[in-house]
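There are 2 protein chains.
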Amino acid sequence: MILERLSVPIVLAPLAGGPTTPRLAAAVSNAGGLGFLAAGYLTADALADQIARAAAMTEGPLGVNVFVPGRPPVSADPVAAYAATLEAEADRAGIGLGAPRFDDDQWEAKLALLAVDPLPVTSFTFGCPDQAVITALQAAGSEVWVTVTTPADAQQAAAAGADVLVLQGSEAGGHRGSFRDDPADNAGGGFGLLSLLQLVRARTDLPLVAAGGISTGAGIAAVLAAGAAAAQLGTAFLLTPEAGTAPVHQAAIAASGDTAMTRAFTGRLARGIRNRFMIEHDADAPVAYPEVHYLTAPLRAAGRAADDPDLVNLWAGETHELSRELPAADLVTLLAAEARAALQAAASAYGR
Amino acid sequence: MILERLSVPIVLAPLAGGPTTPRLAAAVSNAGGLGFLAAGYLTADALADQIARAAAMTEGPLGVNVFVPGRPPVSADPVAAYAATLEAEADRAGIGLGAPRFDDDQWEAKLALLAVDPLPVTSFTFGCPDQAVITALQAAGSEVWVTVTTPADAQQAAAAGADVLVLQGSEAGGHRGSFRDDPADNAGGGFGLLSLLQLVRARTDLPLVAAGGISTGAGIAAVLAAGAAAAQLGTAFLLTPEAGTAPVHQAAIAASGDTAMTRAFTGRLARGIRNRFMIEHDADAPVAYPEVHYLTAPLRAAGRAADDPDLVNLWAGETHELSRELPAADLVTLLAAEARAALQAAASAYGR
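One line per chain: the protein sequences are A and B, in this order.
Here our numbering = 1-based position in the first sequence + 5.
Here our numbering = 1-based position in the second sequence + 5.
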């Protein structure tokens, strides 16, 4: 197991859409953690290039996260209706909206690439791959990790043969890794990470990686004490110089500011810092991923270019204000020391 | 500090409305934790009686939780409109709806009682008392704990002179302890417990008690590792024989079943197991506490009497299915042993 070989129980969360870079992944692995690449939104060729570049910068293990595709839409009407409500935004920004389209993010090409030239860990988000996909990757020499947000999804992933479960609590920034993006499932905002750790541990003995709202060594210590083998951190790395985070996004991460979940930017539920776009369009946004992602892409690009935080999807976990501006390796080392101290302090206080 | 004198870092959550009993509070204190009484919905005389009965059963410390009153409503119209949508429910149950009214839960009388005959700990929920109230209780010999759900509320409570902050994560069952019940604040379901621990610790050095979704020793170990001085558990005690939990509520707690937050039962946001009443009436329910509490009280009583889970407010934290049917003292002892083992295991694994 890769998790047993890490000198530091810290896994980089895959941050698709810009923040993840080969340099960032390599830096985390070089510091003793597990660096991750994000296949989402990349072509298979671009992914192959990122893998080659990251591998050239580290001898440590690397992981790659792949989006499991959904189903083509039954009707284009909800997206067209949403697009109509965004025309004024596009006019103000001086751009045209993107053409909404369904695609599978080059699913087969990415699987083929990773079967031929596997990384030590392949993780999946947005669903549980078929058992055949999991078995093929394992046969090629890769561990298979599956992201889950509910105890039921955890049981499904375990039954399909996953080696490790990545538990994503409701605190997490970015897209929810839910198998189904069903508004009725999210009445309570989803399971908090600590709840999920307890509930899933009662149903499986698989190794667990804990993700969502972890920005400090104390947070890492907490999930290890709850039985996780490692913590997965994403937002905490957004201010490192190795990350490709847009400046407008970095500024928002560093400040305090409430987060909320929305489908306004991509048609799939995701947590970000509340801004004007989210507040004004959340109620109108349909469940339609990746169609809405493509629809709003030019708006978000215009917001990043103009440093306008109100047009950008400011993905962030609940503790984003605790993110530190440090080189990634220094951050890994600092977090590990904090976590170790927190665990030792709690263990000795409670052994009194 | 009371927290430093506990042999077990477990605090009973106050479970107003039936589950909390003097026997339950005394049993937790006798096992080395901190038992809590719940002043909510009781008259000051009934509270005095419960305090006397609990104190007669334990030499250990006890706490009492008091609801901070809100403001009288500006208009009765939203409650009247909601009442109209519930008439069919009342007819089916063969009862009349309750008369909605505002009251302050005998705030002054309870404060007077607790100033004359203080318990070691007085905690508050639904708001931050004025500094004068806090100072008076401290002068009478009681520690003052304030329940908070956001970093901003934590800062306000610290500035008002609270001795301890009780952090309630979004995983918690029952009412949210928010200072303001504002639908706009809850877009993301509120802060998860682990996020709240990290964010509040960055803003204050006050001792923290962690509440919300903790049902196992691993969960307790996690919050201690994150820096909490103790864990507060409520749902975990609902199946103990000392608790006054209604049978229909007990049955729901013991089964798996999704929870969600709703104002349908009381006019204030609270987490419970999803049932027909919640699903059908959530969207119609106004922010109006305690008016809606009184409005639905006969319906809920009828549901309890008829063992009808679809009419009852099945308050429950996210991990309710992990609650164990054990005498309260045995549960405290078991949880403490589990927590100690979890902390020691994590500390030694990570010291390798």
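We treat Cβ as the ideally placed atom computed from N, Cα and C, and that holds for glycine.
Other residues of its chain near residue i: CB distance less than 7 Å, five sequence neighbours each side excluded
i: residue 347 of chain B; result: 222, 223, 226
i: residue 357 of chain A; result: The predicted model places residue 357 of chain A with a pLDDT of 47, which falls under 50 and marks its position as unreliable, so this point remains unresolved.
i: residue 283 of chain A; result: 265, 267, 269, 277
i: residue 38 of chain A; result: 11, 13, 15, 16, 17, 337
i: residue 106 of chain B; result: 296, 299
i: residue 258 of chain B; result: 240, 243, 244, 321, 325, 328
i: residue 24 of chain B; result: 243, 248, 249, 250
i: residue 202 of chain A; result: 172, 213, 215, 228, 231, 232, 233
i: residue 319 of chain A; result: 254, 257, 277, 278, 280
Closest Cα partner of residue i within the set the options
i: residue 288 of chain A; options: A:301, A:302, A:268; result: A:268
i: residue 68 of chain B; options: B:16, B:212, B:91; result: B:16
i: residue 322 of chain A; options: B:197, B:257, B:218, B:263; result: B:197
i: residue 172 of chain A; options: A:338, A:62, A:18; result: A:18
i: residue 159 of chain B; options: B:214, B:106, B:148, B:145; result: B:214
i: residue 294 of chain A; options: A:275, A:303, A:280; result: A:275
i: residue 235 of chain A; options: B:296, B:354, B:325, B:122; result: B:354
i: residue 126 of chain A; options: A:118, A:142, A:117; result: A:142
i: residue 304 of chain A; options: A:140, A:187, A:99, A:87; result: A:99
i: residue 30 of chain A; options: A:188, A:249, A:95, A:178; result: A:249
i: residue 261 of chain A; options: B:145, B:149, B:63, B:157; result: B:157
i: residue 306 of chain A; options: A:86, A:272, A:280, A:253; result: A:253
i: residue 316 of chain A; options: A:237, A:86, A:93; result: A:93
i: residue 91 of chain B; options: B:7, B:180, B:103; result: B:103
i: residue 313 of chain A; options: A:189, A:238, A:280; result: A:280
i: residue 35 of chain B; options: B:117, B:319, B:61; result: B:61
i: residue 146 of chain A; options: A:154, A:51, A:101, A:124; result: A:124
i: residue 109 of chain A; options: A:119, A:78, A:120, A:122; result: A:78
i: residue 200 of chain A; options: B:206, B:175, B:189; result: B:175
i: residue 238 of chain B; options: B:115, B:333, B:52; result: B:333
i: residue 181 of chain A; options: A:217, A:209, A:208; result: A:217
Contact set for residue i: own chain, Cβ-Cβ below 6 Å, skip 5 residues either direction
i: residue 129 of chain B; result: 71, 73, 151
i: residue 46 of chain B; result: 21, 22
i: residue 211 of chain A; result: 163, 170
i: residue 132 of chain A; result: 73, 184
i: residue 112 of chain A; result: 74
i: residue 241 of chain A; result: 220, 328
i: residue 27 of chain B; result: 55, 58, 59
i: residue 342 of chain B; result: none
i: residue 301 of chain B; result: 270
i: residue 228 of chain A; result: 215, 236
i: residue 161 of chain A; result: 133
i: residue 204 of chain B; result: 156
i: residue 206 of chain A; result: 232
Per DSSP, cross-strand counterpart(s) of residue i
i: residue 169 of chain A; result: A:150
i: residue 15 of chain A; result: A:236
i: residue 215 of chain B; result: B:172, B:236
i: residue 179 of chain B; result: B:276
Contact set for residue i: own chain, Cβ-Cβ below 8 Å, skip 5 residues either direction
i: residue 230 of chain B; result: 348, 351
i: residue 339 of chain B; result: 222, 329, 331
i: residue 165 of chain B; result: 133, 134, 135, 136, 139, 151
i: residue 291 of chain A; result: 83, 84, 86, 87, 268, 272, 297
i: residue 96 of chain A; result: none
Unbroken stretches of the alpha helix (DSSP H), 4 residues or longer, contained in the segment 97–152 of chain B: 112–121, 136–145
Contact residues within the segment 314–335 of chain A, judged by C-beta distance below 8 Å to chain B: 322, 323, 324, 326, 327
What are the complete beta strand (DSSP E) segments, minimum 3 residues, inside the segment 261–338 of chain B? 264–267, 275–278
Taking Cβ-Cβ distances below 9 Å as the criterion, which residues of the segment 344–356 of chain A are in contact with chain B? 344, 345, 347, 348, 349, 350, 351, 352, 353, 354, 355, 356
In the segment 39–83 of chain B, which residue ranges form an unbroken beta strand (DSSP E) of at least 3 residues, counting only runs that do not cross its ends? 40–43, 67–72
In chain order, what residues of the segment 242–276 of chain B put their CB closer than 7 Å to some CB of chain A? Answer set for the segment 242–276 of chain B: 264, 265, 266, 276.
Using a Cβ-Cβ cut-off of less than 8 Å, list which residues of the segment 172–183 of chain A approach chain B; keep chain order. 174, 175, 176
Residues of the segment 294–316 of chain B with Cβ closer than 8 Å to any Cβ of chain A, in chain order: none
Using a beta-carbon distance cut-off of less than 9 Å, what residues from the segment 7–36 of chain A approach chain B? 14
For the segment 208–221 of chain A, which residues have a CB atom closer than 8 Å to at least one CB atom of chain B, in sequence order? 217, 218, 219, 220, 221
Residues of the segment 222–233 of chain B whose Cβ lies closer than 8 Å to any Cβ of chain A, in chain order: Considering only beta carbons, the part of the segment 222–233 of chain B lying closer than 8 Å to chain A consists of 223, 224, 226, 227, 228, 229, 230, 231, 232, in chain order.
With 8 Å as the limit, tell me which residues of the segment 137–162 of chain B have their beta carbon closer than that to any beta carbon of chain A; keep them in chain order. 156
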